[in-house]
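Q: Residue numbers (numbering that gives the first Met the number 0): 0 to 73. Ideal Cβ positions, reconstructed from N, Cα and C, are used throughout, including at glycine. These numbers come from a predicted model, not from an experiment. Right, I'll just put the structure down here and ask away after.
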Amino acid sequence: MLYGVKPEGMTAADWTVECQCRHVAREMRRGRNSTERGAIFDRWQKQLPAVTRARVGEIWREGVPMPGNGRGNG
């Protein structure tokens, strides 16, 4: 999945949740260890309740998409 490009057939609501999950995954990169990353996730999940550990974990394993860097881990 390319950064910033909604997949064909995905609803606007699903795309919104996907973008939120990607944002949380990018924020989690700031954590130095799993405890810090978990705290970052918990803080964001309070603000964005549709974000799930499962989806953020998938994004993390796929490589967190970054602005200006396509799909990579940059």
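Could you spell out the range, first to last residue, of the alpha helix (DSSP H) harbouring LYS45?
A: 33 to 46
Q: Using the three-state DSSP reduction, which class does MET9 fall into: helix, strand or coil?
A: coil
Q: Between which two residues does the alpha helix (DSSP H) containing VAL55 stretch?
A: Here the alpha helix (DSSP H) through VAL55 covers 52 to 61.
Q: Classify VAL16 as helix, strand or coil using the three-state DSSP reduction.
A: In the three-state reduction of the DSSP assignment, VAL16 falls in the helix class, which pools H, G and I.
Q: With a CB to CB cut of under 7 Å and the five nearest residues on each side skipped, what residues in its chain are close to VAL4?
A: none
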